[in-house]
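Remarks on the structure that follows.
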Amino acid sequence: MSRTLTEPARELPVIAQPDVLVVGGGPAGVAAACAAARAGARTLLIESHGCLGGTLTIVTLGGLCGIYAVIDDERLGRVIGGLCLELEDRLAAVDAIAPPRRHGKIVGVPYDSVRLKGVLDEMVRAHGVEVMLHTSAAAVQTDGRRVTAVITESKAGRAAIVPRVVIDCSGDGDVAARAGAGFALGDGHETQYGSTMFRLGGVDTARAGELSRPEIRECLERAVADGYPLPRTATGVHVNPIEGVVHLNVTKLGRADGSPFNLTDPGDLTEAEQVGREQVRMYETVFRQYVPGFARARVIDIGARVGVRETRLIRGEQTLSQAQVRACEKPADRIACSSWPLENHGRGRGTVWEFLPDGQWYGIPWGCLVVEGFDNLLVAGRNLSAEHAAQASVRVAGPCLAMGEAAGIGAVASLALEGGTRAVDVDALQANLQREGAILAPAWAEA
Ligand SMILES: Cc1cc2nc3c(=O)[nH]c(=O)nc-3n(C[C@H](O)[C@H](O)[C@H](O)COP(=O)(O)OP(=O)(O)OC[C@H]3O[C@@H](n4cnc5c(N)ncnc54)[C@H](O)[C@@H]3O)c2cc1C
5 MSRTLTEPAR
15 ELPVIAQPDV
25 LVVGGGPAGV
35 AAACAAARAG
45 ARTLLIESHG
55 CLGGTLTIVT
65 LGGLCGIYAV
75 IDDERLGRVI
85 GGLCLELEDR
95 LAAVDAIAPP
105 RRHGKIVGVP
115 YDSVRLKGVL
125 DEMVRAHGVE
135 VMLHTSAAAV
145 QTDGRRVTAV
155 ITESKAGRAA
165 IVPRVVIDCS
175 GDGDVAARAG
185 AGFALGDGHE
195 TQYGSTMFRL
205 GGVDTARAGE
215 LSRPEIRECL
225 ERAVADGYPL
235 PRTATGVHVN
245 PIEGVVHLNV
255 TKLGRADGSP
265 FNLTDPGDLT
275 EAEQVGREQV
285 RMYETVFRQY
295 VPGFARARVI
305 DIGARVGVRE
315 TRLIRGEQTL
325 SQAQVRACEK
335 PADRIACSSW
345 PLENHGRGRG
355 TVWEFLPDGQ
365 WYGIPWGCLV
375 VEGFDNLLVA
385 GRNLSAEHAA
395 QASVRVAGPC
405 LAMGEAAGIG
415 AVASLALEGG
425 TRAVDVDALQ
435 ANLQREGAIL
445 APAWAEA
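Structure representation (structure tokens):
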């Protein structure tokens, strides 16, 4: 057994006693906190980093995905409403969002990840959410089926928060795992690979923006044939709202033996960060040399941390299965919809896309947010209860915002119920969501 030591017991200050504590300020956490505060709960949102937005701001994305479905060759249909609409309006007010951009059968909404930081500060303030940045959930105390305290770690040391209900939006299920909830790490430790995201400036975006994914792949495969050890050649060019700037999601972070890192392990995280930056340097060289429009390109930004697609999938009262996603099931107890394909960043240089039929979508049941074995603990976002292949579809920004909004409303409803989160009346939750503009049956599907 490796060496251990015992941490002495100590008194901790109780720094907050909110009705709802949201851990993690990514899209799911921001939406959860805004929804809970809007419903009248005293809501505290804690976030490890110095800004909100999670992957959207800290890692940076090509676009907000999963908001629109492709109905046919010409038409797109909205799948996500509610607080996502408010976020888009707020981004538009500061010229930080562009119209939806279609790449074959997927649609992304380009946004400015820098301006998004300020937009999210304003959004949580407007809803009355209390926010503590640079504060991490480090430990959890439980009493039977209840989380009684979340212990935080910050520059001020350790402290306790005593909430009535907790929503774990940490992406990695940190709170739920520390509370003792069950979880899977991908598919038998085979998680989706992470990526370091980066932006290139000095790009002829008119030219680069016209390139199809197969055309880019052909250029990158030529580089591989010439001896560049690119781990991935399947990608698209995401033209940014900022002139001459494109966003690239093309790196693939694996161990030397080709297996994916465990991105909850600090040793693996460290190596992944370093490998990611090496890959960015190589892709800059390759894009300049092989891809039209990039001759004068230069890296202008690298995500502040490695992008993590998948770690712990927390076990809920229900688990979204790959069969449900593929069959486009629309369970009566759904609290959000998704039409995003199963986008699997697995082994090899490609990405495997499994598209739903045009205009099709599936529902995410409430039970996927209710942590099994607990009465006051919910999850939302990429750490929901889902099978590995189902999470590969449901994890994008749009559905994460929608899940967060549902979790926030559900958490507040649970406060008055003896059975807590398990006893939430899903009909009432759905009515509440729809009053707030959330979509539970996309308009073209109703027609
Ligand atoms: C490389 C990559 C590319 C992607 N590309 C796209 C794309 O183009 N479009 C798209 O829509 N989606 C994309 N996604 C998916 C999407 O961005 C994420 O799945 C989504 O952001 C998940 O949202 P979330 O709120 O669940 O978690 P996250 O965005 O991961 O946010 C979790 C937050 O919790 C905080 N946190 C973690 N642990 C703690 C703790 N213990 N205490 C306090 N705070 C904590 C983190 O700092 C973070 O801010 C991509 C993902 C990756 C990794």
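At position 439 of the sequence shown the residue is numbered 443 (this note's numbering), and the sequence of numbers has no breaks. Just so you know, even glycine gets a beta-carbon here, dropped at the ideal spot from N, CA and C. None of the values given here were measured: they were computed from a predicted structure.
- When the Cα atoms are used, ARG162 and SER174 turn out to be separated by approximately 18 Å.
- Annotation for ASP269 indicates a beta carbon at 6 Å or more from all heavy atoms of ligand 1.
- Sequence-distant partners of ILE75 (beyond 5 residues in either direction) whose C-beta falls short of 7 Å from its own C-beta, in its chain, are GLY81, ASP362, GLY363, TRP448.
- Contact annotation, TRP370 with VAL279: C-beta distance approximately 39 Å; criterion of less than 8 Å not satisfied.
- Residue state for GLU92 is assigned as helix, using DSSP reduced to three classes.
- Ligand 1 has no heavy atom closer than 6 Å to the beta-carbon of THR64.
- With 16 or more other Cβ atoms inside 10 Å of its own Cβ, HIS131 counts as buried.
- Taking the Cβ of ASP178 as the reference point, at least one heavy atom of ligand 1 falls within a distance shorter than 6 Å.
- Between the alpha carbons of ASP147 and PHE378 lies a gap of roughly 10 Å.
- Between ILE368 and ARG319, the C-beta gap is not smaller than 7 Å, which leaves the two residues out of contact.
- Following the DSSP letters along the chain, one finds ASN348 inside the beta strand (DSSP E) bounded by residues 346-348.
- Between VAL166 and GLN21, the gap from beta carbon to beta carbon is short of 7 Å.
- ALA331 and PHE291 have their C-alpha atoms some 39 Å from each other.
- The count of Cβ pairs closer than 8 Å, one atom from the region 96-112 and one from the region 30-50, stays below three, leaving the stretches out of contact.
- In the three-state DSSP reduction, CYS173 falls in the coil class, being neither helix nor strand.
- In the structure shown, ILE71 falls within a coil segment according to DSSP collapsed to helix, strand and coil.
- When secondary structure is reduced to three states using DSSP, MET136 falls in the strand class.
- As computed with DSSP, HIS242 is found in a beta bridge with HIS251.
- Per the DSSP secondary-structure output, THR146 pairs in a beta bridge with VAL151.
- Distances from the CA of SER158 to each of LEU16, ALA420, LEU373, TYR366 were compared; the closest alpha carbon is that of LEU16.
- In the DSSP annotation of this structure, PRO369 is not part of any alpha helix (DSSP H); the continuous beta strand (DSSP E) holding it starts and ends at 366-369.
- Here DSSP, grouped into helix, strand and coil, assigns PHE265 to coil.
- Per DSSP, the beta-bridge partners of SER342 are TYR366.
- A Cβ-Cβ distance of about 20 Å is found for the pair GLY297 and VAL228, leaving them out of contact under the 8 Å criterion.
- Rounded to the nearest angstrom, the gap between the Cα atoms of LEU60 and GLY424 is 31 Å.
- Within the same chain, and ignoring the five residues on either side of PRO335 in sequence, the residues whose Cβ sits closer than 7 Å to its Cβ are GLY367, PRO369.
- Counting along the chain, GLY408 sits inside the alpha helix (DSSP H) bounded by residues 401-418.
- Taking every protein chain shown into account, the CB of LEU421 has fewer than 16 other CB atoms within 10 angstroms, so this residue is exposed.
- Only residues of its own chain outside the window of five on either side were considered, and among them THR200, PRO235, THR255 have a CB closer than 7 Å to the CB of GLN283, listed in chain order.
- A distance below 8 Å between beta-carbons, with the five flanking residues on each side excluded, links GLN328 to the following residues of its chain, in chain order: PRO335, TYR366, ALA394.
- Assignment of THR156 by DSSP, reduced to helix, strand and coil, places it in the strand class.
- Just so you know, the alpha carbons of GLU219 and LEU405 end up roughly 32 Å apart.
- Relative to ligand 1, HIS53 has its C-beta within less than 6 Å of a heavy atom.
- Beta-bridge partners of ARG316 (DSSP): LEU189.
- In this structure, SER397 lies away from TRP357, with their beta-carbon atoms at least 7 Å apart.
- Sequence-distant Cβ neighbours of PRO264 in its own chain, meaning closer than 6 Å and more than five residues away, are THR195, TYR197, GLY258.
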